[in-house]
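**Student:** Take a look at this one; I'll ask things after.
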Amino acid sequence: MPHCPFKYHHETLAEVDRFPHIVEFGLRNNNSVTLDSFEVRKANYLQLYYIVDGKFDWIINGKNETLYPGDSALILPGQEIGGAHGYFGIGTLYWIYLKVEKIDSEGCLVLGKWSRIKKSEWQIIGKILESNQKPVMRAGEFSSMFQVMQSEIENSEIGSFTRVNYILDSVLILLCRQVTRQAVSRRDFPKSFTNLEESLRKDLSHKWTVEEMAALMGLGTTTFTEKVKNYTGFPPLNYLINIRISEAIRLLKLKDINITDIALETGFYSSQHFSTTFKKLTGHTPKEYRKRYTSN
Amino acid sequence: MECIITIEIGTNAVRILAIDLKGNVIAKSKGSYPTFHREPDYSEQDPDQMFITMLYVLKNLLSEQIHPKNHTVISICFSASMHSVLPVDRHGVPIGYAITWADNRGKNEALELKNSGIGQKIYEATGTPIHPMSPMIKIAWMKRYDSKRFEKTDKFITIKSYIIQQLTQDYLLDYSLASATGLLNIHTRKWENNALDFAGIKAKQLPDLVPVFHPLNRLRSEYQKSLGLPKGVKIIIGSSDGCLATLGGGIWEEEKATITIEDSGAVRVVGKKPLNDPQQRIFSYLLTGKYYVSGGPTNNGGIAFEWFTKHFGDFKEAYDIEYAMKGLITEASRIKPGSDGLLFLPYLLGERAPIWNANARGSYFGINIKHERQHFIRATLEGILYEIYSIGKTLEDHKNFNSLTTNGSFASIPFCTQILADLFNKPVSVGKNPDSIAQGAFLLSATDLGIFSDLEDAAKSVVMSTTFEPNYQNNTAYMKYFSIFERLSSKLHEEFADIARLQSEL
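So the protein sequences, as listed, match chains V and C. Going by UniProt numbering, 284 is the number at position 284 of the first sequence; the sequence numbering is gapless. Going by UniProt numbering, 349 is the number at position 349 of the second sequence; the sequence numbering is gapless.
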């Protein structure tokens, strides 16, 4: 199928009032260099590029990146992108800009209502995309997905709204999986597990689920649980409790933070929940533990 | 049934075993904790996470495998990794994480001291090679570069001392672990003034010294209760992992040595006198008041083969490294001893004994057009074992031995044990209990309980399962290549330094 350039932008899309979340979507074919056409700039949207042919030298988040056919680049709002020499490069590419509803208090991206991805899943997908260190990824399957999207928008047949949004969801899920695949070395479980441990410690107040932890390692929950148990001696949630209690012990020794705050900060539901768990393991309540330490 | 519990606070995990009085393992359990590397040379662990993990594992083991079967715990014995440093304030609160043996931040301080006259003196007095692993060096580094933390520190303790303190309130350290701090005079068994001066601390900033059989004060009552331990249980402080692995390896004064290879490794002997090597290649640590464990450690044991497997192994199952390793070993066995002239220097993590060169790096040498993938696998395994042999050879400069025992997951792979026997040209036996550290801790407790008359008697009770006899022809083949291995290891000194410098600039 030949690649004919096209461009939908916010107005044309909004006109039909169907895709307010798509700011721009198009395919362009650059045969010549237009100077100063692509300067480094902060992105306002979730921006996704997919190279069909040619070669593009860009600067993404301060790093030089060269994109070849089959590569995609994912830029989140607030990140920077531009041409290495101020221009786009020569070749053909798809691009799509998506509006992000908000970045919530936990730093998670929230898409609009159009997305069918479950909220709980989106939280973790957002986290993974945010943590991404390599914006350029291989994604050969995007070519045909974008072609279908284009024809769906163009023809406005029945069900096209659903199909387009479904493709957008799929694109984001594939990106998320690609990010974990890149970040997680399948050959080095201990290393990946150390990375997971760091993520857990960074955000200990979060009520981590096994699904979320498994997703960060790019594994299904059954394999993940089995691997963790084998490696650490504990099922994932018990391992997490170890970390929560160790951090709580550290905080209990500091006098100026109260026990309820410690409980919440280390991810317990309440000071009651903290107290019971703590006592079960150490034989005394957090209060008694603190007293013992400060009277020493 | 009565049993002894051994608690091993290792580098990556705590391992707890219950062993009946005849020496049979009746229950075991482990829990791991991470090592953090904030900077390239740093290697740190969270002492509270280690304590909690230990407590959790112990509690589970007792409540799931010991109490329901009506076993009675009569003794508990501790062992721990050597060379850790944990600064605590006057309330006993840790200031930052514990620094582990693998931490290299003090490499410049170590180099400086090693080449000085006082360095030689300190080595002779303390038996600990002058190396960044030594707590003396780590403390000296802290005084120079982290003075805030240094000033706030009331005591410099070890991870084991911290865990014991959490359980019983006392700051204690056994002579064994103390002799690996680089601060203890192993002849007089007192803190060594030259070493304290170099570290910049006073003896009162260190824990109180006690013998390895020292019974700990009663557990704090809350732990006694939550663990459900009988009141009369005897808890002894125990020793270091290295000393206990030697005891558990079943060797004693006679002409024997023991090889331990896990991620890292060591070759060790036991004697009534410390071995003093003018080139500072050998450590001597106190096992008890009368006996010394001497030997040499390597950084590049099983971990070097794990590195090879990760990158060149066949991974059909995600993350299943054991499976991949087994496959590689099968392939390696198809190649002749000596890998048809392909040599591997295994110094991926720099090296300790015998070359003591932090800048050393790995290398394949002698590759020709006929070498295939399998040659590289076999050469990698042989290189790791040549390094072990070179430690053994250094020890033989000071003490004869005519047979060896081996333990640890890597050394116990039959393919590797056979190569070791061929290299040393001596029979090598594998212990029945692969957990030689736990075995050693058990023997310590059992001797304390009067089951054995002394440690020698205890060591002799260790049962060997198999003995690998050396093959003379293989030995001849290996020795030809080993001499090149040995020469390369020292000849490349300048190039190691240059490449390490370039790598550190990356």
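A virtual CB, placed ideally from N, CA and C, is assigned to each residue, including glycine.
Would you please verify whether the beta carbon of Lys253(V) is less than 7 angstroms from any beta carbon of chain C?
**Tutor:** Yes, Lys253(V) lies at the interface with chain C (some Cβ there is under 7 angstroms from its Cβ).
**Student:** What would DSSP say about Tyr239(V), mapped onto helix, strand or coil?
**Tutor:** Here Tyr239(V) sits in helix by DSSP.
**Student:** DSSP has His9(V) in a bridge; who is on the other side?
**Tutor:** Partner(s): Glu24(V).
**Student:** Using a Cβ-Cβ cutoff of less than 7 angstroms, which residues in the same chain neighbour His37(C) once the five nearest sequence positions on both sides are dropped?
**Tutor:** Once the five neighbours on either side are set aside, the close Cβ partners of His37(C) are Ser43.
**Student:** Going by CA-CA distance only, name the one from Asn238(V), Ser271(V) and Leu48(V) that's closest to Leu67(V).
**Tutor:** Closest by alpha carbon: Leu48(V).
**Student:** Would you decide whether Leu55(C) is buried or exposed? Buried here means 16 or more other CB atoms lie within 10 Å of its CB.
**Tutor:** By the 10 Å Cβ count, Leu55(C) comes out buried.
**Student:** So for Thr92(V), helix, strand or coil by DSSP?
**Tutor:** Three-state result, Thr92(V): strand.
**Student:** Just list the alpha helix (DSSP H) runs in the stretch 124-193 of chain C, keeping only unbroken ones of 4 residues or longer that don't cross its boundaries, in chain order.
**Tutor:** Complete alpha helix (DSSP H) runs here, min 4: 135-145, 147-152, 159-168 and 175-178.
**Student:** When DSSP labels each residue in this structure, what does Pro207(C) get in the three-state scheme?
**Tutor:** Here Pro207(C) sits in coil by DSSP.
**Student:** Phe19(V) by DSSP, collapsed to three states: which one?
**Tutor:** It is coil, neither helix nor strand.
**Student:** Hey, does Tyr145(C) have any beta-carbon neighbour from chain V nearer than 7 angstroms?
**Tutor:** By this cut-off, Tyr145(C) is not an interface position.
**Student:** Any beta carbon from chain V within less than 7 angstroms of Pro34(C)'s own beta carbon?
**Tutor:** Chain V contact via Cβ: present.
**Student:** At the level of alpha carbons, what is the spacing between Glu288(V) and Lys28(C)?
**Tutor:** The straight-line gap from Cα to Cα measures roughly 31 angstroms.
**Student:** Assuming Tyr50(V) and Ser143(V) form a contact by the criterion Cβ under 8 angstroms, report the distance between their Cβ atoms to the nearest whole angstrom.
**Tutor:** Between Ser143(V) and Tyr50(V) the Cβ distance is about 7 angstroms, and since that is below 8 angstroms, they are a contact.
**Student:** Considering just the uninterrupted stretch of the alpha helix (DSSP H) at Ala84(V), what are its terminal residues?
**Tutor:** Looking at the DSSP string, Ala84(V) is not in any alpha helix (DSSP H), and its letter there is neither H nor E.
**Student:** Taking DSSP as the reference, what is the three-state secondary structure of Lys107(C)?
**Tutor:** If DSSP states are grouped into helix, strand and coil, Lys107(C) belongs with the helices.
**Student:** Output the distance between the C-alpha atoms of Ile499(C) and Ser176(C), rounded to the nearest integer angstrom.
**Tutor:** Taking the straight line joining both Cα atoms gives about 37 angstroms.
**Student:** Taking 8 angstroms as the cut-off, does the stretch 92-103 of chain C touch the stretch 475-491 of chain C (at least 3 CB pairs, one atom from each stretch)?
**Tutor:** With a cut-off of 8 angstroms, the stretch 92-103 of chain C and the stretch 475-491 of chain C do not count as touching, because too few Cβ pairs lie within range.
**Student:** Could I get the ranges of all uninterrupted alpha helix (DSSP H) runs contained in the stretch 327-381 of chain C, with 4 residues as the minimum, in chain order?
**Tutor:** Runs of the alpha helix (DSSP H) inside the stretch 327-381 of chain C: none found.
**Student:** Would you call Leu98(V) buried or exposed, if buried means 16 or more other Cβ atoms sit within 10 Å of its Cβ?
**Tutor:** Answer is buried; the Cβ neighbour count reaches 16.
**Student:** Helix or strand or just coil, what does DSSP make of Ser403(C)?
**Tutor:** In the structure shown, Ser403(C) sits in a strand (DSSP, three-state: E or B).
**Student:** Grab the span of the alpha helix (DSSP H) containing Ser483(C) for me, first residue to last.
**Tutor:** Ser483(C) -> alpha helix (DSSP H) spans Tyr472 to Lys491.
**Student:** DSSP beta-bridge partners for Cys176(V)?
**Tutor:** Cys176(V) is not bridged to any residue.
**Student:** How long is the line joining the alpha carbons of Phe344(C) and Ser131(V), rounded to whole angstroms?
**Tutor:** Spanning the two alpha carbons is a distance of roughly 38 angstroms.
**Student:** For Glu254(V), does the count of other Cβ atoms within 10 angstroms reach 16, so buried, or fall short, so exposed?
**Tutor:** What sits at residue 254(V) in the sequence shown is Leu, not Glu. With fewer than 16 other Cβ atoms within 10 Å, it is exposed.
**Student:** Nearest to His85(V) by alpha carbon, out of Ser160(V), Val23(V) and Trp58(V)?
**Tutor:** Residue Trp58(V) is the option with its Cα nearest to His85(V).
**Student:** Taking Cβ-Cβ distances shorter than 7 angstroms, what residues in chain V pair up with Gln49(C)?
**Tutor:** Under the 7 angstroms cutoff, chain V gives Asn242, Ile243 and Ser246.
**Student:** Hey, could you find the ends of the alpha helix (DSSP H) Met54(C) is sitting in?
**Tutor:** Where Met54(C) is concerned, the enclosing alpha helix (DSSP H) stretches over Pro47 to Leu61.
**Student:** Evaluate Gly140(V) with the Cβ neighbour count: other Cβ atoms within 10 Å of its Cβ, from every protein chain shown; 16 or more gives buried, anything less gives exposed.
**Tutor:** The residue in question, Gly140(V), is exposed, as its Cβ has fewer than 16 Cβ neighbours within 10 Å.
**Student:** Examine chain V for any beta-carbon lying closer than 7 angstroms to the beta-carbon of Ile329(C), and answer yes or no.
**Tutor:** False, the Cβ-Cβ gap to chain V never drops below 7 angstroms.
**Student:** Using C-beta distances below 7 angstroms, list every residue in its chain close to Ser363(C), excluding the 5 sequence neighbours before and after it, in chain order.
**Tutor:** The answer, listed in chain order, is Leu345.
**Student:** At a Cβ cut of 9 angstroms, what residues of the stretch 271-284 of chain V count as close to chain C, listed as they run along the chain?
**Tutor:** So the list reads Lys279, Lys280, Leu281, Thr282, Gly283 and His284, given in the order they occur along the chain.
**Student:** Nearest CA to the CA of Ile52(C): which residue from Ile66(C), Val233(C) and Ala13(C)?
**Tutor:** Here the closest residue by C-alpha is Ala13(C).
**Student:** Determine, using beta carbons only, whether Phe234(V) comes closer than 7 angstroms to chain C.
**Tutor:** Closer than 7 angstroms to some Cβ of chain C, the Cβ of Phe234(V) qualifies, so yes.
**Student:** Excluding the 5 residues preceding and the 5 following His214(C) in the sequence, name in chain order all residues of the same chain whose CB lies nearer than 8 angstroms to its CB.
**Tutor:** If we look at His214(C) and ignore the five residues flanking it on each side, its Cβ neighbours are Leu172, Asp174, Ile236 and Ile237.
**Student:** How many Å lie between His371(C) and Asp340(C) at the Cα?
**Tutor:** Computed Cα separation, rounded: 8 angstroms.
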